[in-house]
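Residue numbers (full-length UniProt numbering), protein chains in the order written: chain H, 1 to 402; chain R, 1 to 402. Don't be surprised by glycine CBs; every beta carbon is placed ideally from N, CA and C. Keep in mind the model is a prediction, meaning the values are calculated, not measured. Here the structure comes first, spelled out in structure tokens, and everything after it is commentary.
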């Protein structure tokens, strides 16, 4: 049958990412890859999970673990998260928290809740590629969010109005963002919240990397600032998306959304209709591992990743030509390179694979309009210091000859 | 902030089910519940899962199990499923299979792939409540699918055209359906496929209960008949949704869609954007438990549930007034009661809880138009024979006095 005839209009926005397709080809042992953006599995708390799954399947919890459970998520896990959130300046109750299958699902659900076709989503230029993927299914327009800048609410509104559209939310990863590694400072967060208030729209705060700070001082989440202003989480406009994927393990698919109860209760209905609930046993296991040693696990990651970041920054300084600049992240997994205007990250990748055997992600994939092709994202999460130095040396050779 | 102002139009279709809310209140120890519709946890292969999770977290698979994985799903599990499908008369490859987080997610994704607002979905009257919930997010109209009847393609088309709509798919649970327990016979499946061909639409075949047959002969899935007609799965229009929730365990959230590769590849993109992939560790554990003893597990369930079904049918015969009729399911978990026209299942439930302490699901919740209030669904999966007899005796008293 002719499937195109029965697919919904939204399906035209679901396209294979050329980058992901390309990266699939790179799984070869002699390639040094800075492309991944995934955690180093050597740092997973494997023994702790062994213990947790064994405990979950014996005694009291055994029946619960394999059975259907509520769409909101496992209560002890939501309690643990609520306590963590309080530590970040976000006093809240379990009713402010929905467990999702990774924070990716939170982004999908928020797109589904907020976006009608032709609505406008404000995203940074560049932004997390997976957020664009999630939102695309709901057929939005994108406009460039300048969080720390001087673009007025009126300008955003006018740009949207030109397309018969209206602005529905601002999405931003504010700590050690994927892909740039950059962090929005406190005044920037205040300004973003001012803008959202003026536009009367929600802010989606992507906090996937927030626990991975290696230096500098922690900045309160936007949701914390919003609560400072409004007095109570149920009065706020910020929807905080958290994840265990970068701290404990991504393979279990456990994340959460934290926000005003009126939104959470709507998302619970959405989740019930879409997949009933996230894996019961995984929520119980995550709860056990988190409550027994979350901070210890974060400290382990801190040590490994901060060393790798330092190595990569040192190697960049040593090997890059003067025409290349890069970010100096205080945490996370990524460094973002800006190349001379005439260079194209995608073309460079092809050449790099061929001549240097080094992989990275071309930067244009992170722009809603596919612009800024003279950029690239490097991840330092998966390679050791020696490999990092060698990979950056080769990349330097490539760029010097480009 | 005024959230209603920023919610997408689709959010108005996301409502709390009065039934689910009601059932939440019924979790009291002295109530005999036939409401649930969930598997008996005493039958879960708990020891097998203990072993499987332990194996998964030691040796080779340990790193894989906790890491991100591909959106398509774990290859050995897809291979195992492909072989099972072949046993059902559905020769296919791993490329015809996407792993989803339960078959509920498959329904959500198929709604997302196929439904633009105002499109028409054909569903039986009654149908699975959760399918309506999943589809509602994509703002369809519903029309009544009479699978084994004489309603012509033209009539369906005209009814849709009256609403400026067009028919997008036919959805049906064909084996021991939730909620009626009824099975569509082979001629009915042929007719449904004829109709779908004439309308040039896909068939969504919900096979969640298919493995739970207690007597009678297995009927080929619609997808198998479609392949017989077309010669190859990639030429078919049927999308088969399977699940491990009723056979192994629902808490792991593992199901699948099987169909033409051109649709599966589109669904893979959708899954990548929506939640990246289903839990890696759960897919590996399900694969281990399934490949070591799926048939043994199904036999265990067979013994327990078929005895309970027999008990409930016998008790209904003994205790129900003549004015009540019911289905005689050959498998699954449900029996469907039709009461005299003037009775209302929801009102009866309230009365039943108050006077008899017996719970069931009022039938109107399974109708897209909320009609046929003189019906109710009973589940026999969770109670022992004695409790079944006592519960049905009390329900008989209630109905005799109604």
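Between the CA atoms of residue j and residue i - distance to the nearest angstrom
{"i": "residue 108 of chain R", "j": "residue 64 of chain H", "result": "25 Å"}
{"i": "residue 148 of chain R", "j": "residue 121 of chain H", "result": "46 Å"}
{"i": "residue 93 of chain R", "j": "residue 14 of chain R", "result": "36 Å"}
{"i": "residue 325 of chain H", "j": "residue 337 of chain H", "result": "6 Å"}
{"i": "residue 399 of chain R", "j": "residue 348 of chain R", "result": "8 Å"}
{"i": "residue 389 of chain H", "j": "residue 287 of chain R", "result": "40 Å"}
{"i": "residue 295 of chain H", "j": "residue 277 of chain R", "result": "27 Å"}
{"i": "residue 86 of chain H", "j": "residue 73 of chain H", "result": "19 Å"}
{"i": "residue 129 of chain H", "j": "residue 345 of chain H", "result": "16 Å"}
{"i": "residue 369 of chain R", "j": "residue 243 of chain H", "result": "39 Å"}
{"i": "residue 184 of chain H", "j": "residue 362 of chain R", "result": "53 Å"}
{"i": "residue 227 of chain H", "j": "residue 207 of chain R", "result": "47 Å"}
{"i": "residue 77 of chain R", "j": "residue 342 of chain H", "result": "47 Å"}
{"i": "residue 57 of chain R", "j": "residue 43 of chain H", "result": "14 Å"}
{"i": "residue 310 of chain H", "j": "residue 124 of chain H", "result": "26 Å"}
{"i": "residue 62 of chain R", "j": "residue 146 of chain H", "result": "42 Å"}
{"i": "residue 187 of chain R", "j": "residue 59 of chain R", "result": "51 Å"}
{"i": "residue 69 of chain R", "j": "residue 138 of chain H", "result": "25 Å"}
Opening and closing residue of the alpha helix (DSSP H) in which residue i lies
{"i": "residue 194 of chain H", "result": "186-199"}
{"i": "residue 102 of chain H", "result": "102-114"}
{"i": "residue 352 of chain H", "result": "345-355"}
{"i": "residue 249 of chain H", "result": "Element bounds for residue 249 of chain H: n/a, residue is neither H nor E."}
{"i": "residue 159 of chain R", "result": "153-162"}
{"i": "residue 183 of chain R", "result": "Taken as a continuous stretch (DSSP letters only), residue 183 of chain R belongs to no alpha helix (DSSP H), as it is neither H nor E."}
{"i": "residue 58 of chain H", "result": "No alpha helix (DSSP H) holds residue 58 of chain H; DSSP gives it neither H nor E."}
Residue environment, residue i, which counts as buried when at least 16 other CB atoms sit within 10 Å
{"i": "residue 340 of chain R", "result": "exposed"}
{"i": "residue 282 of chain H", "result": "buried"}
{"i": "residue 2 of chain R", "result": "exposed"}
{"i": "residue 18 of chain H", "result": "exposed"}
{"i": "residue 28 of chain H", "result": "exposed"}
{"i": "residue 178 of chain R", "result": "buried"}
{"i": "residue 319 of chain H", "result": "buried"}
{"i": "residue 251 of chain H", "result": "buried"}
{"i": "residue 405 of chain H", "result": "Residue 405 of chain H is absent from the model: chain H starts at 1 and stops at 402."}
{"i": "residue 48 of chain H", "result": "buried"}
{"i": "residue 150 of chain R", "result": "exposed"}
{"i": "residue 403 of chain R", "result": "With chain R running from 1 to 402 in the structure shown, residue 403 of chain R is simply not present."}
{"i": "residue 232 of chain H", "result": "exposed"}
Reduced DSSP category for residue i - H, G, I as helix; E, B as strand; rest coil
{"i": "residue 169 of chain R", "result": "strand"}
{"i": "residue 312 of chain H", "result": "helix"}
{"i": "residue 88 of chain R", "result": "coil"}
{"i": "residue 127 of chain R", "result": "coil"}
{"i": "residue 94 of chain H", "result": "helix"}
{"i": "residue 265 of chain R", "result": "helix"}
{"i": "residue 226 of chain R", "result": "helix"}
{"i": "residue 362 of chain R", "result": "strand"}
{"i": "residue 142 of chain R", "result": "strand"}
{"i": "residue 206 of chain H", "result": "strand"}
{"i": "residue 238 of chain R", "result": "strand"}
{"i": "residue 133 of chain R", "result": "helix"}
{"i": "residue 178 of chain H", "result": "coil"}
{"i": "residue 12 of chain H", "result": "helix"}
{"i": "residue 271 of chain H", "result": "helix"}
{"i": "residue 38 of chain H", "result": "coil"}
{"i": "residue 277 of chain H", "result": "coil"}
Those residues which DSSP pairs with residue i across a bridge
{"i": "residue 255 of chain H", "result": "H:100, H:243"}
{"i": "residue 326 of chain H", "result": "H:337"}
{"i": "residue 32 of chain H", "result": "H:358"}
{"i": "residue 121 of chain H", "result": "H:142, H:169"}
{"i": "residue 213 of chain R", "result": "R:331"}
{"i": "residue 397 of chain H", "result": "Answer is none; residue 397 of chain H lacks a bridge partner."}
Boundaries of the beta strand (DSSP E) in which residue i is found, first to last residue
{"i": "residue 4 of chain H", "result": "Note, residue 4 of chain H: premise wrong, no beta strand (DSSP E); not H, not E."}
{"i": "residue 375 of chain H", "result": "375-379"}
- prompt: Which of the residues in the region 40-58 of chain H, read from start to end, lie with their CB under 9 Å from any CB of chain A?
  reply: The displayed structure is made up of protein chains H and R, and chain A is not among them.
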